[in-house]
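Visitor:
Protein chains: 2
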Amino acid sequence: MAPTIGVFDSGFGGLTVLRALLTRIPQAHYAFLGDTARLPYGSKSRRTIAKYAAESAQFLVNQQGAEYLVIACNTASALALDAIQEAVPVPVLGVIQPGAQAARAASRTGDVLVIATDATVQSHAYAAACQALGLRALEKACPLLVPLVEEGWTEDSPRHSVTEQVIGIYLDELLMDAAAAYLQPDTLVLGCTHYPLLRPLIESIVPVGMKVIDSAEATAAQAARLFDQENPGAGAPGPSHLGTRECANVHCFATDSVEKFERLGSRFLGCPTGKVELVDLGG
Amino acid sequence: MAPTIGVFDSGFGGLTVLRALLTRIPQAHYAFLGDTARLPYGSKSRRTIAKYAAESAQFLVNQQGAEYLVIACNTASALALDAIQEAVPVPVLGVIQPGAQAARAASRTGDVLVIATDATVQSHAYAAACQALGLRALEKACPLLVPLVEEGWTEDSPRHSVTEQVIGIYLDELLMDAAAAYLQPDTLVLGCTHYPLLRPLIESIVPVGMKVIDSAEATAAQAARLFDQENPGAGAPGPSHLGTRECANVHCFATDSVEKFERLGSRFLGCPTGKVELVDLGG
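Below you can see the structure in the form of structure tokens.
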């Protein structure tokens, strides 16, 4: 029987991680929980985030039967991975470590840039994970990128030139800061689950030769390796595009705002989310 | 003894309403609460918003001695004014009704435009309040404007051209929708507490002759009338600019992120917020 993988985010941005998982482990069942009633985690204390994340993880494991957990939320991965691992008896994977490892594999100079939300940057989780791997990392908060993605002003929109200018401004500032710190960055990590939808625009703007690492993609790749180890022979190579069959294996839950989740989620998941079930975790 | 006016917002944007109140009722004491731990209210359900707003109102009345409440949060005004009025025994004024009344006074054609956050627009509270006054109102959500204000990309920033383009795109779409609905709008209501900081840019972009109504300003004017009625002779004419003396009458509270509140708040208030006190409302 196909195993169930639980995917957790504070919102629906983590559907980009689920999308990457679906292309790599299409035979699994997926339960995705967006704790939309209590987002954004970024402005909350570590203790509060740990409590919310542990409750969410327990819902996925105890009530949805998840045998693996992927924490597709940068803030929860940064501040609550230990608390989640203590709260549930299944393997738990966050997004920070795989992103840093992919940057380590990609970078020749050892200097990397990270763009993320304000909360993720303030946690300095990427800088710490990169440093532990011998990289020097410079992080920058880009608060306009999430609302630009949610407005749909991505590369296939006539409004994308605004988004291009905003990305350009943020990258210019970051590259100037890097030069001032005598860094020679050759790798840019997308440290937010919304940013994969901006990847084509970002790749068209970064300096020639700079590699763009998507944490969602890196996390899915690591999950697939973990999954293959534990289920030898179970993992057939997945399709590169999502079909109806893969998407039928996804069951989405949210703690609030299911309408917005259903309306915007399909752009992140790459196929319709189906009906999103409202759950009450208290609080 | 000078009375205490409680001002409540989900964040610190409502400091623009407090600023307008200070210039009109400078002799009052003010207790401002930003429920920053639980923002954004906009993505939450009516039931959740009503619970949070009632708890916040009770803090201002029961613990800070507020004798009047101004709800400087469009979402709470739209979805929870009844719940707040039931929760506390003092007069409560929201921002929606004053904004609609100011539009009624300004408009000759009877057709008005409203820009606001997604949550405020989805509540259709402005449209309903305008309709009750015999106006036809067309609302538009402008989700990028709040983060642009918080980034500081306003008219005195070198980045303001991005903000100008975004405002232009939103206004063009809104004017096209108005034309398609055979409306002849001559008034634009700023239905979000962050938007007063964009007023110079917005006024430079709207069609010639279109009046711009600021809900924060309209609410303060109505509060001053209410206050003068209940305290005849107490209300001396206020200064048009804020001095140290007026700002000393302000005490700010937040449920989280006091550092960000202190850092960004002064731009909204027009003078330093002073030390922001952290309070725990639970949840």
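Protein chains in written order, with the numbering used here: chain A, 1 to 283; chain B, 284 to 566.
Cβ coordinates follow ideal geometry from the N, Cα and C atoms, glycine included.
Residues of chain A with CB under 8 Å from Pro445(B), in chain order?
Guide: By 1-based counting over the second sequence, the position of residue 445(B) is 162. Per the sequence shown, residue 445(B) should be read as Val rather than Pro. Going along chain A in sequence order, the residues near Val445(B) (Cβ under 8 Å) are Val162, Gln165, Val166 and Ile169.
Visitor: Count the C-beta pairs between the region 367-380 of chain B and the region 342-356 of chain B that are closer than 8 Å, then say yes if the count reaches three, no if not.
Guide: Result yes; three or more Cβ-Cβ pairs closer than 8 Å.
Visitor: Where does the unbroken beta strand (DSSP E) through Ala399(B) begin, and where does it stop?
Guide: On the second sequence, residue 399(B) is found 116 positions in, with the first residue counted as 1. Asp394 to Ala399 is the extent of the beta strand (DSSP E) around Ala399(B).
Visitor: Under 8 Å Cβ-Cβ, which residues of chain B neighbour Leu144(A)?
Guide: Taking the first sequence and counting its residues from 1, one reaches residue 144(A) at position 144. In chain order: Leu427, Pro430, Leu431 and Glu434.
Visitor: Ordered along the chain, which non-local residues of its own chain (more than five positions away) have a Cβ less than 6 Å from that of Phe32(A)?
Guide: Translated into the one-based positions of the first sequence, residue 32(A) becomes position 32. Within the same chain, Phe32(A) has close Cβ partners Val7, Leu18 and Cys252.
Visitor: The alpha helix (DSSP H) with His443(B) in it runs from where to where?
Guide: Here residue 443(B) corresponds to residue number 160 of the second sequence, with the count starting at 1. Looking at the DSSP string, the run of the alpha helix (DSSP H) that includes His443(B) is His443 to Ala463.
Visitor: Please identify, using Cβ separations under 9 Å, the residues of the region 24-41 of chain A that lie next to chain B, in order along the chain.
Guide: Of all residues in the region 24-41 of chain A, Thr36, Ala37, Arg38, Leu39 and Pro40 have a Cβ within less than 9 Å of some Cβ in chain B.
Visitor: Got a sec: is the Cβ-Cβ distance from Arg245(A) to anything in chain B below 9 Å?
Guide: Within the first sequence, numbered from 1, the residue matching residue 245(A) stands at position 245. Not closer than 9 Å to any Cβ of chain B, the Cβ of Arg245(A) fails to qualify, so no.
Visitor: Helix, strand or coil for Val276(A)? Go by DSSP, reduced to three states.
Guide: Translated into the one-based positions of the first sequence, residue 276(A) becomes position 276. Here Val276(A) sits in coil by DSSP.
Visitor: Under three-state DSSP, which class holds Ile25(A)?
Guide: Counted from its first residue, the first sequence places residue 25(A) at position 25. DSSP places Ile25(A) in coil when its eight states are reduced to three.
Visitor: Scan the region 539-550 of chain B for residues whose Cβ lies nearer than 7 Å to a Cβ of chain A and list them as they occur along the chain.
Guide: Under the 7 Å Cβ criterion, the region 539-550 of chain B contributes Asp539 and Ser540.
Visitor: Can at least three beta-carbon pairs, one atom from the region 212-224 of chain A and one from the region 142-162 of chain A, be found at a separation below 8 Å?
Guide: The region 212-224 of chain A vs the region 142-162 of chain A: no contact.
Visitor: Could you tell me whether any Cβ in chain A is nearer than 9 Å to the Cβ of Arg302(B)?
Guide: Position 19 of the second sequence, counting from 1, holds the residue named residue 302(B). No, no contact with chain A.
Visitor: Which parts of the region 176-217 of chain A are runs of the beta strand (DSSP E), unbroken and 3 residues or longer, counting only runs that do not cross its ends?
Guide: DSSP runs (the beta strand (DSSP E)) wholly in the region 176-217 of chain A: 187-190 and 211-214.
Visitor: DSSP on Cys73(A), reduced to helix/strand/coil?
Guide: Here the question's residue 73(A) lines up with position 73 in the first sequence. Coil at Cys73(A), not helix or strand.
Visitor: Is DSSP giving Cys554(B) helix, strand or coil here?
Guide: Here the question's residue 554(B) lines up with position 271 in the second sequence. Three-state result, Cys554(B): coil.
Visitor: Closer than 6 Å by C-beta to Thr219(A): which residues in its own chain qualify, once you throw out the five before and the five after it? Chain order, please.
Guide: Residue numbering aside, residue 219(A) sits at position 219 when the first sequence is read from its first letter. Excluding positions up to five away in sequence, the list reads Val17, Val95 and Pro98.
Visitor: Could you work out which residue in Met284(B), Ala462(B), Cys475(B) and Val559(B) is closest to Ala408(B) when comparing CA atoms only?
Guide: By one-based count along the second sequence, residue 408(B) stands at place 125. Residue Cys475(B) is the option with its Cα nearest to Ala408(B).
Visitor: Just verifying my parser: in three-state terms, what is the DSSP assignment at Thr48(A)?
Guide: The sequence position of residue 48(A) within the first sequence is 48, counting from 1. In the structure shown, Thr48(A) sits in a helix (DSSP, three-state: H, G or I).
Visitor: Residues of chain A with CB under 9 Å from Thr403(B), in chain order?
Guide: For the purposes of this step, residue 403(B) is taken as the residue at position 120 of the second sequence. Going along chain A, no residue has its Cβ under 9 Å from Thr403(B), so there is no contact; the nearest lies around 14 Å.
Visitor: I'd like the list of long-range same chain contacts for Ala389(B), defined as Cβ closer than 7 Å, with 5 residues on each side in sequence excluded.
Guide: In the second sequence, residue 389(B) corresponds to position 106, counting from 1. Same-chain partners within the cutoff: Thr470, Lys494 and Ile496.
Visitor: Closest Cβ-Cβ distance between Lys44(A) and chain B: below 9 Å?
Guide: As a working note, residue 44(A) is residue 44 in the first sequence. Output row for Lys44(A): interface = yes.
Visitor: Would you call the CB atoms of Ala285(B) and Ala311(B) closer than 9 Å?
Guide: The residue you call residue 285(B) lines up with position 2 of the second sequence. The residue you call residue 311(B) lines up with position 28 of the second sequence. Against a cut-off of 9 Å, the Cβ pair of Ala311(B) and Ala285(B) comes out as a contact.
Visitor: Please list, in chain order, all residues of the same chain as Pro237(A) whose beta carbon is under 6 Å from its beta carbon, the five residues on each side excluded.
Guide: Taking the first residue of the first sequence as 1, we reach residue 237(A) at position 237. Low local confidence applies: a pLDDT of 49 at Pro237(A) is under 50, so the model's placement there is unreliable, with the coordinate-based value given in what follows. For Pro237(A), where only same-chain residues beyond five positions count, there are no Cβ hits under 6 Å.
Visitor: Does Thr48(A) come within less than 9 Å of chain B when only Cβ atoms are used?
Guide: By one-based count along the first sequence, residue 48(A) stands at place 48. Closer than 9 Å: yes.
Visitor: Does Arg104(A) have its Cβ less than 9 Å from a Cβ in chain B?
Guide: Residue 104(A) sits at position 104 when you count from the first residue of the first sequence. Not closer than 9 Å to any Cβ of chain B, the Cβ of Arg104(A) fails to qualify, so no.
Visitor: For Lys543(B), count neighbouring C-beta atoms within 10 Å of its own C-beta (all shown protein chains included) and say buried if the count is 16 or more, exposed if not.
Guide: Residue mapping note: residue 543(B) aligns to position 260 of the second sequence, counting from 1. Label assigned to Lys543(B): buried.
Visitor: Let's test the definition: count the other Cβ atoms within 10 Å of the Cβ of Gly282(A) and tell me whether it reaches 16, buried, or not, exposed.
Guide: The residue given as residue 282(A) occupies position 282 in the first sequence. It is exposed - the Cβ of Gly282(A) has fewer than 16 other Cβ atoms within 10 Å.
Visitor: Counting Cβ pairs, one atom from each stretch, are 3 or more of them under 8 Å apart for the region 138-147 of chain A and the region 174-184 of chain A?
Guide: They touch, by the three-pair rule.
Visitor: 9 Å is my cut-off, CB to CB: does Arg442(B) come that close to chain A?
Guide: If you number the second sequence from 1, residue 442(B) lands on position 159. Yes, Arg442(B) lies at the interface with chain A (some Cβ there is under 9 Å from its Cβ).
Visitor: Which residues in the same chain as Val162(A) place their Cβ atom closer than 8 Å to its Cβ, once the five residues preceding and following it in sequence are excluded?
Guide: In the first sequence, the residue the question calls residue 162(A) occupies position 162. For Val162(A), where only same-chain residues beyond five positions count, the Cβ hits under 8 Å are Leu148 and Trp153.
Visitor: If we cut at 9 Å on Cβ distances, does Thr273(A) have a partner in chain B?
Guide: For the purposes of this step, residue 273(A) is identified with residue 273 of the first sequence, where counting begins at 1. It does not: the Cβ of Thr273(A) has no partner Cβ on chain B nearer than 9 Å.
Visitor: Val429(B) by DSSP, collapsed to three states: which one?
Guide: Residue mapping note: residue 429(B) aligns to position 146 of the second sequence, counting from 1. Note: Val429(B) maps to helix in three-state DSSP.
Visitor: Can you tell me the Cα-Cα spacing of Leu133(A) and Phe295(B), whole angstroms?
Guide: Residue numbering aside, residue 133(A) sits at position 133 when the first sequence is read from its first letter. Residue numbering aside, residue 295(B) sits at position 12 when the second sequence is read from its first letter. For Leu133(A) and Phe295(B), the distance between alpha carbons rounds to 39 Å.
Visitor: Under DSSP, the beta strand (DSSP E) around Thr319(B) begins and ends at which residues?
Guide: Translated into positions along the second sequence, residue 319(B) becomes position 36. Premise fails: Thr319(B) is in no beta strand (DSSP E) and is neither H nor E.
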